[in-house]
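**Student:**
There are 2 protein chains.
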Amino acid sequence: MSGTSPLAPKTFVELPALKGVKLSTIEAGIKYKGREDVLLMCFDKAASIAGVFTRSNCPSAPVDWCRQILNHGKAKALLVNSGNANAFTGMKGWEAVRRSAELVAEFAQCPVNEVYLASTGVIGEPLDPAPFANVLSTMVSSLKEEHWLNSARAIMTTDTFPKTATHSFSIDGVPITLNGMAKGSGMIAPDMATMLSFIATDAPIAPEILQELLKKAVDKSFNAITVDSDTSTSDTVLLFATGQAPIEAITEKSDKRLRPFQKVLNQLCLELAHLIVKDGEGARKFVEINVKGARSAKSAKKIASSIANSPLVKTAIAGEDANWGRIVMAVGKAGEPADRDRLSIFFDKIRVAFKGERDPAYDEEQTALVMKKEEISITVDLGLGRGKATVWTCDLTKDYVAINGDYRS
Amino acid sequence: MSGTSPLAPKTFVELPALKGVKLSTIEAGIKYKGREDVLLMCFDKAASIAGVFTRSNCPSAPVDWCRQILNHGKAKALLVNSGNANAFTGMKGWEAVRRSAELVAEFAQCPVNEVYLASTGVIGEPLDPAPFANVLSTMVSSLKEEHWLNSARAIMTTDTFPKTATHSFSIDGVPITLNGMAKGSGMIAPDMATMLSFIATDAPIAPEILQELLKKAVDKSFNAITVDSDTSTSDTVLLFATGQAPIEAITEKSDKRLRPFQKVLNQLCLELAHLIVKDGEGARKFVEINVKGARSAKSAKKIASSIANSPLVKTAIAGEDANWGRIVMAVGKAGEPADRDRLSIFFDKIRVAFKGERDPAYDEEQTALVMKKEEISITVDLGLGRGKATVWTCDLTKDYVAINGDYRS
Numbered sequence: 001m002s003g004t005s006p007l008a009p010k011t012f013v014e015l016p017a018l019k020g021v022k023l024s025t026i027e028a029g030i031k032y033k034g035r036e037d038v039l040l041m042c043f044d045k046a047a048s049i050a051g052v053f054t055r056s057n058c059p060s061a062p063v064d065w066c067r068q069i070l071n072h073g074k075a076k077a078l079l080v081n082s083g084n085a086n087a088f089t090g091m092k093g094w095e096a097v098r099r100s101a102e103l104v105a106e107f108a109q110c111p112v113n114e115v116y117l118a119s120t121g122v123i124g125e126p127l128d129p130a131p132f133a134n135v136l137s138t139m140v141s142s143l144k145e146e147h148w149l150n151s152a153r154a155i156m157t158t159d160t161f162p163k164t165a166t167h168s169f170s171i172d173g174v175p176i177t178l179n180g181m182a183k184g185s186g187m188i189a190p191d192m193a194t195m196l197s198f199i200a201t202d203a204p205i206a207p208e209i210l211q212e213l214l215k216k217a218v219d220k221s222f223n224a225i226t227v228d229s230d231t232s233t234s235d236t237v238l239l240f241a242t243g244q245a246p247i248e249a250i251t252e253k254s255d256k257r258l259r260p261f262q263k264v265l266n267q268l269c270l271e272l273a274h275l276i277v278k279d280g281e282g283a284r285k286f287v288e289i290n291v292k293g294a295r296s297a298k299s300a301k302k303i304a305s306s307i308a309n310s311p312l313v314k315t316a317i318a319g320e321d322a323n324w325g326r327i328v329m330a331v332g333k334a335g336e337p338a339d340r341d342r343l344s345i346f347f348d349k350i351r352v353a354f355k356g357e358r359d360p361a362y363d364e365e366q367t368a369l370v371m372k373k374e375e376i377s378i379t380v381d382l383g384l385g386r387g388k389a390t391v392w393t394c395d396l397t398k399d400y401v402a403i404n405g406d407y408r409s
Numbered sequence: 410m411s412g413t414s415p416l417a418p419k420t421f422v423e424l425p426a427l428k429g430v431k432l433s434t435i436e437a438g439i440k441y442k443g444r445e446d447v448l449l450m451c452f453d454k455a456a457s458i459a460g461v462f463t464r465s466n467c468p469s470a471p472v473d474w475c476r477q478i479l480n481h482g483k484a485k486a487l488l489v490n491s492g493n494a495n496a497f498t499g500m501k502g503w504e505a506v507r508r509s510a511e512l513v514a515e516f517a518q519c520p521v522n523e524v525y526l527a528s529t530g531v532i533g534e535p536l537d538p539a540p541f542a543n544v545l546s547t548m549v550s551s552l553k554e555e556h557w558l559n560s561a562r563a564i565m566t567t568d569t570f571p572k573t574a575t576h577s578f579s580i581d582g583v584p585i586t587l588n589g590m591a592k593g594s595g596m597i598a599p600d601m602a603t604m605l606s607f608i609a610t611d612a613p614i615a616p617e618i619l620q621e622l623l624k625k626a627v628d629k630s631f632n633a634i635t636v637d638s639d640t641s642t643s644d645t646v647l648l649f650a651t652g653q654a655p656i657e658a659i660t661e662k663s664d665k666r667l668r669p670f671q672k673v674l675n676q677l678c679l680e681l682a683h684l685i686v687k688d689g690e691g692a693r694k695f696v697e698i699n700v701k702g703a704r705s706a707k708s709a710k711k712i713a714s715s716i717a718n719s720p721l722v723k724t725a726i727a728g729e730d731a732n733w734g735r736i737v738m739a740v741g742k743a744g745e746p747a748d749r750d751r752l753s754i755f756f757d758k759i760r761v762a763f764k765g766e767r768d769p770a771y772d773e774e775q776t777a778l779v780m781k782k783e784e785i786s787i788t789v790d791l792g793l794g795r796g797k798a799t800v801w802t803c804d805l806t807k808d809y810v811a812i813n814g815d816y817r818s
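In the order they appear, the protein sequences are chains A and B. Its first residue numbered 1, the first sequence is counted upward by one per residue in this note's numbering. Its first residue numbered 410, the second sequence is counted upward by one per residue in this note's numbering.
1. Consider the Cβ of Ala96 (chain A): report whether some Cβ of chain B lies at a distance smaller than 7 Å.
2. Classify Pro260 (chain A) as buried or exposed, calling it buried when 16 or more other Cβ atoms lie within 10 Å of its own Cβ.
3. Compare the C-alpha of Ala542 (chain B) against each of B:Glu436, B:Glu657, B:Ser753 and name the closest.
4. Please report the Cβ distance between Ile458 (chain B) and Phe649 (chain B), rounded to the nearest whole angstrom; I am assuming they are in contact, meaning their Cβ atoms lie under 8 Å.
5. If we count Cβ pairs, one from each stretch, closer than 8 Å, do we get three or more for the stretch 241-258 of chain A versus the stretch 203-210 of chain A?
6. Per DSSP, which one or two residues make a beta bridge with Leu647 (chain B)?
7. Since Ser550 (chain B) and Thr434 (chain B) are thought to touch, with beta carbons under 8 Å apart, how far apart are those beta carbons, to the nearest angstrom?
8. Checking 7 Å against the spacing of the C-beta atoms, do Thr160 (chain A) and Asn813 (chain B) come in under that value?
9. Less than 8 Å between the CB atoms is what I'm expecting for Ser185 (chain A) and Gly280 (chain A), so what's the real figure, rounded?
10. Do you know how far the Cα of Asn266 (chain A) is from the Cα of Tyr441 (chain B)?
11. Could you work out which residues of chain B lie near Gly90 (chain A), taking near to mean beta carbons separated by less than 7 Å?
12. Please state the DSSP three-state secondary structure of Thr25 (chain A).
13. Which whole-angstrom value is the C-beta distance of Glu554 (chain B) and Lys672 (chain B), which I expect to be below 8 Å?
14. In its own chain, which residues sit with a C-beta less than 6 Å from the C-beta of Arg295 (chain A), not counting the 5 before and 5 after it?
15. Could you check which residue in B:Ile656, B:Thr799, B:Ala517 has the C-alpha nearest to that of Ala682 (chain B)?
16. Does any CB atom of chain B fall closer than 7 Å to the CB of Ile123 (chain A)?
17. Tell me the DSSP secondary structure of Ile350 (chain A) in three-state form.
18. Specify the secondary structure class of Asn358 (chain A) as computed by DSSP and reduced to three states.
19. Below 8 Å on the Cβ atoms is my guess for Gly734 (chain B) versus Ile123 (chain A); work out the distance and round it to an integer in Å.
20. Here's a check: name, in chain order, each residue in its chain whose Cβ is nearer than 6 Å to the Cβ of Arg817 (chain B), leaving out the five neighbours to either side.
21. Just verifying my parser: in three-state terms, what is the DSSP assignment at Asp44 (chain A)?
22. Give the range of the alpha helix (DSSP H) segment to which Ser142 (chain A) is assigned.
23. Can you tell me which of B:Val810, B:Pro425, B:Ser469 puts its alpha carbon nearest to the alpha carbon of Pro720 (chain B)?
24. Mind checking who His167 (chain A) pairs with in its DSSP beta bridge?
25. Verify the CB distance criterion: does Asn134 (chain A) have a CB-CB separation below 7 Å to chain B?
26. Tell me which residues of the stretch 38-68 of chain A have at least one Cβ-Cβ distance to chain B shorter than 8 Å, keeping chain order.
27. Buried or exposed: which applies to Thr4 (chain A), given that a residue is buried once 16 or more other Cβ atoms fall within 10 Å of its Cβ?
28. Counting only C-beta atoms, is Ala206 (chain A) closer than 7 Å to chain B at any point?
29. Using the C-alpha atoms, what's the distance from Thr420 (chain B) back to Gly319 (chain A)?
30. Are the Cβ atoms of Ala308 (chain A) and Thr393 (chain A) separated by less than 7 Å?
31. Which runs of the alpha helix (DSSP H) spanning at least 4 residues fall entirely within the stretch 685-727 of chain B, listed in chain order?
32. Need the endpoints of the alpha helix (DSSP H) that Val63 (chain A) sits in, please.
33. Could you please give the first and the last residue of the uninterrupted alpha helix (DSSP H) stretch that includes Gly173 (chain A)?
34. Going by the CB atoms, is the gap between Val779 (chain B) and Phe88 (chain A) shorter than 7 Å?
35. Are the CB atoms of Ala486 (chain B) and Ala517 (chain B) within a distance shorter than 7 Å?
36. Indicate the three-state DSSP secondary structure (helix, strand or coil) for Ser232 (chain A) in the structure shown.
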């Protein structure tokens, strides 16, 4: 139960510098002892900003804050703390974000509506902004370009490993970089909330376009993963574009240079999202759920999510049991068009059920080998239409219950 | 993990005879060894029948069968087997129900559309009707009135105790009885599907009225419980009215005698539903979730279900942790109107959160005592309107994962 997830990457490397972004981390003693718990990200010049937030109707104070200033479209700094989510903290929570933004604005020499905030950790405890006042001056003086990996560490709560990803490609012959970090380990961890992700690029892209790019990327990545079907009060994904790469600014939706950017952004978000699943509380298996042949893509995603969220499917995978009956059950309960007698189900490439019955050629031994793998794909073909979707999840183990239940806050 | 649920009743007693109903059970060797696995319920005269079935889009063959004959409104017999759900069995499944109904019709001397069927157990295995042919003659010759408790035992799968309830009241000075049995232990058990319930009364009530009565009762009982948010392919609740009680038949919706009947039926369904939760896989705590102050009753039920289904709320209860932050999270993700800053949360009578913050008077020690109890109520007051709803669930323990995961089918 303790220690790094068995699904974690084998090595962790520093990301390349990203022009226009500097980072600093420190131990401010918000809650944890002996580790850094505050991240300050500063932009040399105000960056374009896009943001996607939790759909929770009870969002945290920092989420309220970010939503409120997003229209302004510019970001000069981002302050993130772990240990306290500043969620369900009433007026005190709002005062804390206001005060934190003012403090950062002073050091970053910018208006308050260019200061982004994110908090992750305990819910319901007031967040005292005083520790920020104590550390900001030191943080500002130690900002540097190559500090992504430690930044990803500073925002961890119950995560067992830091999550980063980087991609480079070129536009007009100029190299463009995207760097990203994420945290999350369960949609919400023991009394700790949140999946957070912060992504930066040096490409010059206008905020309203950036917002569309991010929304598209998130739908097929962070919004296509589930650990336990629970949604945090604080989920936040921010994308900053510093515009430091020497290419002509992208200000039109029709700009053809957006296509490769979208592709790389999608890939980066997907990698970060997968890392979150691989750090899922108690996870020992990484599972891809493909649904095809649905009436629509939306219907396919709903069915895929129903399978990915089913405790019975997830416990079966933990038990290495090719229990396709539970997959039928999860398809049935999704409330979407499905015809039992057209359904086919595959574990990896092995078809276990065909046209509403166990596949006559089904081989128990071969399937058992698939179930022993660390990464498993499940495919459901509904045989109704052309809608398809993919969702990623992990298994549900006794460790999940132990992490979340054998515990007194 | 093995043995009877700690939440089971202390004693089990036989139900009173119900005029017009006779029961018989036998070991037919469908799957289990050394226990009875088939129940035959026969009605002296064709009874009025009402039925409510799974909302799954991939229902079992017996559910399809019952739905198809329900319009006829009359039932002469019910055949139930445990060990095989006859679900996801394609055309073979349909042939099996057809053949089973024919076999029973012959012995019960009635048309096939008066024979009801239910099956619970493994999904995806063809159900061979031959064992029914072998045992029906013996079963018919041993039908008796006082055999409810053993009947409830014969329909068990992973249930750890038989579930029955009985109520008597009088209409026009004549005693009216309702007897009921149920099975279920998890919405779907290890490779076993289903919650089933069969209820009979001697009141003379027309089928179309009976259907409305049952629908109402089910909404606030069987449809207001959850063990793991998973929905079986085979869920079936049937209500039979033999009409043997010597009162004038109830054929009008406006009949005032329906009110006490509905009340008693609601109570009986609720008792049976609670027994299913108390036999929830791995359950050690019985939890009532009350939501009030919602915009509507429907909204309240959606929020209550979101709380009751949240793995993080359920693991916290297993860990005896008064983790109200997770309740906020579950309210937030329900997608229903909620104002964080008006929310109050209670564990039993202790208010832990008030107006969007931790209650200043909150006493950790007192709350810890509540969390140690075997039965806990959680109340959320949204402070928005007058909508309210109650849902029942159990905690999520390592035993749930063990039962469903440490297992190879």
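Don't be surprised by glycine CBs; every beta carbon is placed ideally from N, CA and C.
**Tutor:** Concretely, from the data shown:
1. For the purposes of this step, residue 96 (chain A) is taken as the residue at position 96 of the first sequence. Ala96 (chain A) does not count as touching chain B.
2. Along the first sequence, one-based indexing puts residue 260 (chain A) at 260. Classification for Pro260 (chain A): exposed.
3. Along the second sequence, one-based indexing puts residue 542 (chain B) at 133. That would be B:Glu436, whose Cα lies nearest to the Cα of Ala542 (chain B).
4. As a position in the second sequence, residue 458 (chain B) is number 49, starting the count at 1. As a position in the second sequence, residue 649 (chain B) is number 240, starting the count at 1. At roughly 6 Å, the Cβ-Cβ gap stays under 8 Å, so Ile458 (chain B) and Phe649 (chain B) are in contact.
5. yes
6. For the purposes of this step, residue 647 (chain B) is identified with residue 238 of the second sequence, where counting begins at 1. DSSP output for Leu647 (chain B) lists B:Gly460, B:Phe607 as bridge partner(s).
7. As a position in the second sequence, residue 550 (chain B) is number 141, starting the count at 1. As a position in the second sequence, residue 434 (chain B) is number 25, starting the count at 1. Contact doesn't hold; Cβ gap of about 13 Å is too wide.
8. By 1-based counting over the first sequence, the position of residue 160 (chain A) is 160. By 1-based counting over the second sequence, the position of residue 813 (chain B) is 404. No. Outside cutoff.
9. Numbered from 1 along the first sequence, position 185 holds the residue referred to as residue 185 (chain A). Numbered from 1 along the first sequence, position 280 holds the residue referred to as residue 280 (chain A). Rounded, the Cβ-Cβ distance is 7 Å, consistent with contact.
10. The sequence position of residue 441 (chain B) within the second sequence is 32, counting from 1. The sequence position of residue 266 (chain A) within the first sequence is 266, counting from 1. For Tyr441 (chain B) and Asn266 (chain A), the distance between alpha carbons rounds to 51 Å.
11. Here residue 90 (chain A) refers to the residue found at position 90 of the first sequence. Correct list: Asp750, Lys764, Gly765, Glu766.
12. As a first step, residue 25 (chain A) must be located in the first sequence, where it is residue number 25. The answer is strand: DSSP assigns Thr25 (chain A) an E or B state.
13. Here residue 554 (chain B) refers to the residue found at position 145 of the second sequence. Here residue 672 (chain B) refers to the residue found at position 263 of the second sequence. 26 Å between Cβ atoms; not a contact.
14. Residue numbering aside, residue 295 (chain A) sits at position 295 when the first sequence is read from its first letter. These residues qualify, in order along the chain: Pro337, Leu384, Gly385, Gly387.
15. Position 273 of the second sequence, counted from the start, is the residue given in the question as residue 682 (chain B). Here the closest residue by C-alpha is B:Thr799.
16. As a first step, residue 123 (chain A) is located in the first sequence; it is residue number 123 there, counting from the start. At least one chain B Cβ lies under 7 Å of Ile123 (chain A).
17. To locate residue 350 (chain A), count along the first sequence from 1; it is residue 350. Strand, per DSSP.
18. Position 358 of the first sequence holds residue 358 (chain A). Looking at the sequence itself, residue 358 (chain A) is Arg, so the reference to Asn does not match. Strand at Arg358 (chain A).
19. Position 325 of the second sequence, counting from 1, holds the residue named residue 734 (chain B). Position 123 of the first sequence, counting from 1, holds the residue named residue 123 (chain A). With a Cβ gap of about 3 Å, Gly734 (chain B) and Ile123 (chain A) count as contacting.
20. Here the question's residue 817 (chain B) lines up with position 408 in the second sequence. The pLDDT assigned to Arg817 (chain B) is 40, lower than 50, so where the model puts this residue is not dependable, and the model offers no usable value.
21. Here residue 44 (chain A) refers to the residue found at position 44 of the first sequence. It is a strand residue.
22. As a first step, residue 142 (chain A) must be located in the first sequence, where it is residue number 142. Ser142 (chain A) -> no alpha helix (DSSP H), and no H or E assigned at all.
23. Position 311 of the second sequence holds residue 720 (chain B). Selected option, being the one with the closest Cα: B:Val810.
24. Taking the first residue of the first sequence as position 1, residue 167 (chain A) is located at position 167. Note: His167 (chain A) sits in a beta bridge opposite A:Leu178.
25. Within the first sequence, numbered from 1, the residue matching residue 134 (chain A) stands at position 134. Chain B, which has no Cβ nearer than 7 Å to the Cβ of Asn134 (chain A), makes this no.
26. Thr54, Arg55, Ser56, Asn57, Cys58, Pro59
27. Here the question's residue 4 (chain A) lines up with position 4 in the first sequence. Answer is exposed; the Cβ neighbour count stays below 16.
28. Your numbering for residue 206 (chain A) matches position 206 in the first sequence. No - not a single Cβ of chain B is within 7 Å of the one on Ala206 (chain A).
29. By 1-based counting over the first sequence, the position of residue 319 (chain A) is 319. By 1-based counting over the second sequence, the position of residue 420 (chain B) is 11. Cα-Cα distance, rounded: 35 Å.
30. In the first sequence, the residue the question calls residue 308 (chain A) occupies position 308. In the first sequence, the residue the question calls residue 393 (chain A) occupies position 393. Yes.
31. 706-718, 720-727
32. Here residue 63 (chain A) corresponds to residue number 63 of the first sequence, with the count starting at 1. Element bounds for Val63 (chain A): 61-69.
33. Numbered from its first residue, the first sequence carries residue 173 (chain A) at position 173. That residue, Gly173 (chain A), is in no alpha helix (DSSP H); it is neither H nor E in DSSP.
34. On the first sequence, position 88 is the one that residue 88 (chain A) refers to. On the second sequence, position 370 is the one that residue 779 (chain B) refers to. Not a contact, by the Cβ cut-off of 7 Å.
35. For the purposes of this step, residue 517 (chain B) is identified with residue 108 of the second sequence, where counting begins at 1. For the purposes of this step, residue 486 (chain B) is identified with residue 77 of the second sequence, where counting begins at 1. Their beta carbons are under 7 Å apart, which means Ala517 (chain B) touches Ala486 (chain B) by this criterion.
36. Numbered from 1 along the first sequence, position 232 holds the residue referred to as residue 232 (chain A). Of the three classes helix, strand and coil, the one that applies to Ser232 (chain A) here is coil, per DSSP.
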